[in-house]
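Q: Below you'll find the structure I mean.
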Amino acid sequence: MRIVFMGTPDFACPTLRALVDHGFEIVAVYSRAPKPYGRGMRQRMSPVHRLAADLGLAVITPLNFRSDDAVTMFRALAADVAVVVAYGLILPQAVLAAPRHGCLNLHGSLLPRWRGAAPIQRSLMAGDPETGIVVMRMELSLDTGPVAMIDKVAIPDEMTAGELHDELASRGATLMVRALRALEAGTLAFTAQSSEGVVYAAKIANEECRIRWDAAAPVVHNQIRGLSPVPGAFFEADLGRGLERIKVLRSAVADIGGPPGEILDDRLTVGCGERSLRIIEMQRAGKIAMTATEFLRGTPIAVGTKLY
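Numbering (the working numbering) for the sequence shown: 4 to 311.
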């Protein structure tokens with residue numbers, strides 16, 4: 004089959020590499036256009052763009068598909084199927100319908116739960132015990148297409164969004180290979196999504212990143228791991244030079260009681276609305292991540308200090 008691959012971030016890279024390793028014919032790779040960064044405003048290619056270039060694949064980076072030229076170029080590739088993994092651009096119906104078998108998408112949730120932009124973060128923030136990765140056929144509406152294959156993943160209480168991201172990316176690569184083999188054999192079957200249990204995974208808003216110590220400790224813990232390592236849940240504290248923003252990357256629920264937002268012991272246990280939370284790993288702005296023990300070694304925080 005002639006395959007067009009469409010993806011942008013790190014999450015999509017394992018799938019692209021797996022397709023190449025398994026001998027599929029990738030006629031072109033679509034990725035988001037390079038963006039300027041740094042003081043010199045140099046153009047930085049996306050992770051998928053860099054990988055595709057290393058693999059010797061042709062890369063196409065349209066700004067969008069609003070022009071007839073962009074759609075005509077896509078159609079001219081005469082693809083049998085498009086594989087879409089976190090591409091980041093809206094695909095019009097003319098693009099979705101161009102490949103002979105349509106567009107197959109990897110989505111990091113158990114659809115119809117967590118349709119949308121941030122399914123990995125939202126599943127953790129909600130305290131879900133499991134999630135998964137699915138192969139679905141794309142439609143114009145958001146993540147509503149029929150599902151062909153599912154791989155379920157248990158979510159341990161301490162798992163972070165970064166760890167779940169990597170697990171789903173790896174499993175998704177294997178699942179997409181299986182789906183394409185089934186498509187070649189004519190055995191890939193699709194099941195319509197249920198109309199019940201639909202939940203949307205909205206993009207993470209900046210205000211959701213500030214830790215609310217008046218919430219119950221399990222809720223705060225899920226917020227921290229769901230936003231770790233990026234964008235990161237944070238608090239502010241006066242450590243001698245005015246209020247400083249500090250990210251919390253790992254935590255654990257504890258049973259010490261105390262006022263919300265107050266340091267309760269010499270292990271960085273913080274009071275919450277119910278129970279308390281022990282900070283395990285944290286990161287100051289512009290610094291590397293470190294354990295709470297390492298942090299306290301350089302910056303002691305007295306019991307009773309208030310976090311905001």
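Every residue, glycine too, gets a C-beta built ideally from N, C-alpha and C.
Count the other CB atoms, across all protein chains shown, that sit within 10 Å of the CB of residue 190; report buried if there are 16 or more and exposed otherwise.
A: Locating residue 190 in the sequence shown gives position 187, counting from the first residue. Residue 190 is exposed by the Cβ-count criterion.
Q: Alpha carbon to alpha carbon, how far is residue 201 from residue 296? Give it in angstroms, no decimals.
A: Along the sequence shown, read from residue 1 onward, the residue named residue 296 stands at position 293. Along the sequence shown, read from residue 1 onward, the residue named residue 201 stands at position 198. Going by the C-alpha atoms only, they are around 42 Å apart.
Q: CB-CB under 7 Å to residue 77, same chain, minus the five flanking residues each way: which ones, in chain order?
A: Position 74 of the sequence shown holds residue 77. If we look at residue 77 and ignore the five residues flanking it on each side, its Cβ neighbours are 98 and 101.
Q: First and last residue of the alpha helix (DSSP H) that includes residue 125?
A: In the sequence shown, the residue the question calls residue 125 occupies position 122. Start and end: 122-128.
Q: Which residues share a DSSP beta bridge with residue 146?
A: Taking the sequence shown and counting its residues from 1, the one referred to as residue 146 is at position 143. DSSP, once it has assigned bridges, lists no residue as partnering residue 146.
Q: Give me the Cα-Cα distance between residue 268 and residue 260, rounded to the nearest whole angstrom.
A: Your numbering for residue 268 matches position 265 in the sequence shown. Your numbering for residue 260 matches position 257 in the sequence shown. Answer to the nearest angstrom: the Cα atoms are 11 Å apart.
Q: Only counting runs of 3 or more residues, tell me where the beta strand (DSSP E) segments fall wholly within the stretch 61-109, in order along the chain.
A: For the stretch 61-109, whole beta strand (DSSP E) runs of length 3 or above, ordered along the chain, are 84-88.
Q: Whose CA, out of 39, 45, 87 and 24, lies closest to the CA of residue 32?
A: Walking along the sequence shown from the start, residue 32 turns up at place 29. Measuring from the Cα of residue 32, the nearest candidate turns out to be 87.
Q: So residue 177 and residue 15 are supposed to be a Cβ contact under 8 Å. How far apart are they, rounded?
A: Counting from 1 along the sequence shown, the entry for residue 177 is found at position 174. Counting from 1 along the sequence shown, the entry for residue 15 is found at position 12. Residue 177 to residue 15, Cβ: 14 Å. No contact.
Q: Which residue or residues does DSSP assign as beta-bridge partners of residue 119?
A: In the sequence shown, the residue the question calls residue 119 occupies position 116. Paired residues: 204.
Q: What is the rounded straight-line gap between the Cα of residue 55 and the Cα of residue 35?
A: By 1-based counting over the sequence shown, the position of residue 55 is 52. By 1-based counting over the sequence shown, the position of residue 35 is 32. Going by the C-alpha atoms only, they are around 13 Å apart.
Q: How would you write the range of the beta strand (DSSP E) that residue 39 sits in, first residue to last?
A: As a first step, residue 39 must be located in the sequence shown, where it is residue number 36. Per DSSP, residue 39 belongs to the beta strand (DSSP E) from 38-40.
Q: What does the Cβ neighbour count give for residue 70, buried or exposed, with the cut at 16 atoms within 10 Å?
A: By one-based count along the sequence shown, residue 70 stands at place 67. Exposed, by the Cβ-count rule.
Q: Take every Cβ of the stretch 261-280, pair it with every Cβ of the stretch 202-220, and state whether three or more of those distances are shorter than 8 Å.
A: Output reads yes: the stretch 202-220 touches the stretch 261-280.
Q: Out of curiosity, what's the CA-to-CA distance linking residue 63 and residue 181?
A: As a first step, residue 63 is located in the sequence shown; it is residue number 60 there, counting from the start. As a first step, residue 181 is located in the sequence shown; it is residue number 178 there, counting from the start. For residue 63 and residue 181, the distance between alpha carbons rounds to 26 Å.
Q: Which residues does DSSP pair with residue 8 in a beta bridge?
A: For the purposes of this step, residue 8 is taken as residue 5 along the sequence shown, with counting starting at 1. Its beta-bridge partners are 32 and 86.
Q: Please report how far the alpha carbon of residue 161 lies from the alpha carbon of residue 103, in whole angstroms.
A: If you number the sequence shown from 1, residue 161 lands on position 158. If you number the sequence shown from 1, residue 103 lands on position 100. Cα to Cα, residue 161 sits roughly 43 Å from residue 103.
Q: Given 8 Å as the limit, is there contact between the stretch 228-240 and the stretch 207-215, that is, 3 or more CB pairs closer than that?
A: The stretch 228-240 vs the stretch 207-215: in contact.
Q: What does the Cβ neighbour count give for residue 250, buried or exposed, with the cut at 16 atoms within 10 Å?
A: Your numbering for residue 250 matches position 247 in the sequence shown. Residue 250 is buried by the Cβ-count criterion.
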